[in-house]
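**Student:** Starting off with a structure, shown below.
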Amino acid sequence: MPVHKFALADAQLERSPGQDADIFAGNVLDQRHGGPVTIGFGRYGPSQALEETMAVHDTMVILQGRITVADAGGSVTAGPGEIIAMQKGDRVTIRSHEEGAVTAYVTYPHWQQPEG
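Following numbering that gives the first Met the number 0, the numbering of the sequence shown begins with 0 at its first residue and continues without gaps.
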């Protein structure tokens with residue numbers, strides 16, 4: 000597999016599956032490219048929330064804004080340059096703050112199945 004470089008502009012952001020909040024995700028590298036992980040970008044509008052039981056291991060790098068992730072054990076808030084790691088099976092609430100947020104993510108295995 001060749002070396003890749005991606006920017007937010009490379010992602011086709013789509014509303015996250017199963018929700019109607021102002022939260023969008025766009026894969027830039029996934030199973031279609033033959034690798035074991037999915038890499039992409041996310042965009043959260045201001046003050047949005049997503050409740051999710053993690054279907055995959057998800058590592059989120061905060062690029063802009065702030066994200067708070069809460070689970071039964073408490074919550075963490077991260078800003079630009081910080082990372083939040085969520086494990087498969089975790090029941091979480093992911094919240095953006097007033098300024099919204101942009102993230103990059105890596106999941107294992109792939110979170111989205113190919114169309115077709």
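We put the CB at the ideal spot given by N, CA and C, even for glycine.
Please read these numbers as outputs of a predicted model, since none were measured by experiment.
Look at the alpha carbon of Gly115 and the alpha carbon of Arg31, and state the distance between them as a whole number of angstroms.
**Tutor:** Model confidence at Gly115 stands at a pLDDT of 45, short of 50, so the residue's coordinates are unreliable; what they give is reported in the following sentence. If I take the Cα positions, the gap works out to 12 Å.
**Student:** DSSP three-state call for Gly115: helix, strand or coil?
**Tutor:** With a pLDDT of only 45 at Gly115, under the threshold of 50, the placement of this residue in the model should not be trusted; the figure read from the coordinates follows. If DSSP states are grouped into helix, strand and coil, Gly115 belongs with coil.
**Student:** For Leu49 versus Ile38, is the C-beta spacing smaller than 8 Å?
**Tutor:** No. Outside cutoff.
**Student:** Take Met53 and list the residues in its own chain whose beta-carbon comes closer than 7 Å to its own, dropping the five residues that flank it on each side.
**Tutor:** Excluding sequence neighbours, Met53 sits near Met85, Gln86, Lys87, Gly88, Asp89, Val91.
**Student:** When you compare the CB positions of Gly44 and Ile61, do they come within less than 8 Å of one another, or not?
**Tutor:** No; because the gap between Cβ atoms is not below 8 Å, this pair is not in contact.
**Student:** Under 8 Å by Cβ, that's how I've got Tyr107 and His56 pegged, so tell me the actual separation to the nearest angstrom.
**Tutor:** Right, their Cβ atoms sit about 5 Å apart.
**Student:** Can you tell me where the beta strand (DSSP E) with Ser95 in it begins and where it stops?
**Tutor:** Element bounds for Ser95: 90-107.
**Student:** For Gly17, which option in Glu51, Phe40, Glu81 has the closest C-alpha, if you only look at C-alpha atoms?
**Tutor:** The shortest Cα separation from Gly17 among Glu51, Phe40, Glu81 belongs to Glu51.
**Student:** If you follow the beta strand (DSSP E) that Gly73 is part of, which residue opens it and which one closes it?
**Tutor:** Looking at the DSSP string, the run of the beta strand (DSSP E) that includes Gly73 is 73-77.
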